[in-house]
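There are 2 protein chains.
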Amino acid sequence: MPQRKRASIGDSSHTPAFLFDLDGTLIDSVYQHVIAWREALEETGLSLAVWRIHRRIGMSGGLLVQALGREIGRKITKKQAQELQDRHAEVFKRYRGKIEPLPGAPELLAYLSKVNVLYAIATSGTPEGTDKVFQALGLRPEIPVITRRQVERAKPDPDLFLAAAASLNVSIAKAVVVGDSVWDLLAARRAGCLGIGLLSGGYGREELQEAGAYRVYQDPADLLLHLDEVGVRGTD
Amino acid sequence: MPQRKRASIGDSSHTPAFLFDLDGTLIDSVYQHVIAWREALEETGLSLAVWRIHRRIGMSGGLLVQALGREIGRKITKKQAQELQDRHAEVFKRYRGKIEPLPGAPELLAYLSKVNVLYAIATSGTPEGTDKVFQALGLRPEIPVITRRQVERAKPDPDLFLAAAASLNVSIAKAVVVGDSVWDLLAARRAGCLGIGLLSGGYGREELQEAGAYRVYQDPADLLLHLDEVGVRGTD
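Residue numbers (the working numbering), protein chains in the order written: chain A, 199 to 434; chain B, 199 to 434.
Here is the structure:
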């Protein structure tokens with residue numbers, strides 16, 4: 199497992215470990231999730247403007263449903279929340295086959311592996327149906343993937359990122375969260391680590407900065423081009 | 199036509215006329231357009247991250263296709279551009295039936311009519327299939343609707359808004375553009391009038407401010423609550 203090996207290149211005590219969000223950060227799935235939530239809400243007789251759904255993507259499904267309920271001005275029962283989440287998962291299946299890695303995502307992960315920088319994935323999503331996209335990302339089997347199922351609370355609670363750092367056996371203070379949503383960045387701050395924002399989930403630059411991003415890049419390809427700005431030295 | 203009548207309430211020489219964008223401003227259709235473009239591109243063998251499509255919505259279809267081509271790094275021929283636009287229109291039909299007015303949009307238009315403030319609609323879209331949503335908006339038949347077909351160049355060129363102001367017989371300098379995208383706000387500046395941004399198309403507040411919005415509200419409902427801030431006096 200070269201990924202885990204502490205090698206000389208790029209793994210000084212100053213090189214951070216990377217904790218990646220998945221949707222909107224490594225894979226281009228945010229807008230399909232948005233539309234799937236919209237359909238699920240509509241089928242349940244609930245109506246909410248689509249941009250408000252967009253701004254809630256990336257938090258835990260349970261929290262998202264509660265937040266949407268608050269915006270509609272209706273209390274959502276536990277049963278309804280579960281039904282909505284089930285319905286969303288069902289509708290999303292229609293889009294799942296077309297989800298692709300974001301530009302540069304496979305290359306970014308391959309490069310980090312090559313220079314022996316540790317990384318893990320931490321997602322508010324569930325593990326169902328992720329095999330194909332992990333394959334497209336070229337995700338090596340030894341890379342830890344922490345999902346909603348493995349923690350008590352998903353983002354913006356810090357649990358997912360804390361668990362991801364623990365899975366790499368690194369201190370959270372040495373980790374950097376990479377995410378596309380304000381929920382990733384708020385969770386990073388609560389966890390006590392730096393956060394890098396990506397525009398590829400459809401948030402604006404300033405929204406991510408206001409949520410605490412210390413750098414913002416367009417997408418994984420842009421982050422790969424600027425890794426030297428966030429503490430990763432090249433091989434030369 | 200009470201809409202056109204220059205009445206005493208709300209129609210002093212300081213009361214602006216409103217030129218509304220349609221998609222993302224009065225109706226909740228931006229994300230469905232985004233997904234439809236994504237599908238159209240995919241079917242043509244072109245791949246582009248969805249957030250980049252989102253940030254191009256609201257400009258003319260022709261410009262959008264050229265801009266997307268540039269981002270993909272491919273020259274799109276005129277024929278391909280037309281095919282893409284046709285394909286987008288075809289895919290969008292699947293979503294059109296579910297498009298609803300944004301919260302507060304019918305109420306905002308009804309209020310402006312009530313206090314005799316002039317307004318028109320200026321959209322980069324085409325008029326096909328808009329009947330149902332205009333009905334849902336309660337749009338009175340005397341309200342001018344300027345579409346892509348009626349001008350040489352769509353947004354971010356100023357033509358649509360200039361034509362809309364002309365249709366109301368008001369000076370563009372006395373008009374205020376209301377839009378959800380930076381293209382509306384850039385077109386407003388080129389036309390020489392103020393622009394109000396709405397978050398309901400999924401842009402961030404600062405993106406709209408940077409493009410020149412002098413006020414930003416959440417959606418039509420929020421604008422209706424703050425009309426006094428943009429030069430419309432109430433009835434009391």
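Ideal Cβ placement from N, Cα and C applies to all residues, glycine included.
>> Alpha carbons only, please: which of B/Glu427, B/Asp417, B/Asp426 is nearest the one belonging to B/Ala303?
In response: B/Asp417
> So B/Val414 is in the beta strand (DSSP E); what residue range does that whole segment cover?
Replying inline: 413-415
> Secondary structure at A/Pro325, three-state DSSP: helix, strand or coil?
Replying inline: coil
> For a contact meaning CB atoms closer than 7 Å, what does A/Trp249 contact in chain B?
Replying inline: Leu397, Ser398, Gly399, Gly400
> What are the start and end residues of the beta strand (DSSP E) that includes B/Gly377?
Replying inline: 373-377
> What residues in the segment 297-311 of chain B bring their beta carbon closer than 8 Å to a beta carbon of chain A?
Replying inline: Glu298, Leu300, Pro301
> Three or more C-beta pairs closer than 8 Å, one from the segment 303-320 of chain B and one from the segment 283-295 of chain B: is that the case here?
Replying inline: no
> Along chain B, in chain order, which residues have C-beta atoms closer than 9 Å to that of A/Asp329?
Replying inline: Here the premise fails: no neighbours, minimum Cβ distance about 21 Å.
> A/Asp226 touches chain D at which residues, Cβ-Cβ below 7 Å?
Replying inline: Of the protein chains in the structure, A and B, none is chain D.
> Hey, how far is the Cα of A/Gly323 from the Cα of B/Ala308?
Replying inline: 42 Å
> With a cut-off of 8 Å, does the C-beta of B/Glu241 fall near any C-beta of chain A?
Replying inline: no
> When you compare only the Cα positions, how much space is there between B/Arg478 and B/Val349?
Replying inline: Nothing can be reported for residue 478 of chain B: it is not among the residues displayed for chain B, which extend from 199 to 434.
> How about B/Asp357: is its C-beta nearer than 8 Å to some C-beta of chain A?
Replying inline: no
> If you compare alpha carbons, which of A/Ser227, A/Leu261, A/Val263 is closest to A/Gly327?
Replying inline: A/Ser227
>> Can you check which of these residues, B/Pro214, B/Val414, B/Ala364, B/Thr223, is closest to B/Leu335 by C-alpha distance?
In response: B/Thr223
>> Just to confirm my understanding: we take A/Arg250, look at its own chain, exclude 5 residues before and 5 after, and list those with CB closer than 8 Å. What are they?
In response: Leu266, Glu269
> Grouping DSSP H, G and I as helix and E and B as strand, with all else coil, what is A/Leu316?
Replying inline: coil
> Are three or more beta carbon pairs between the segment 240-260 of chain A and the segment 269-283 of chain A nearer than 8 Å?
Replying inline: yes
> Can you name the start and end residues of the alpha helix (DSSP H) that B/Ala279 belongs to?
Replying inline: 276-294
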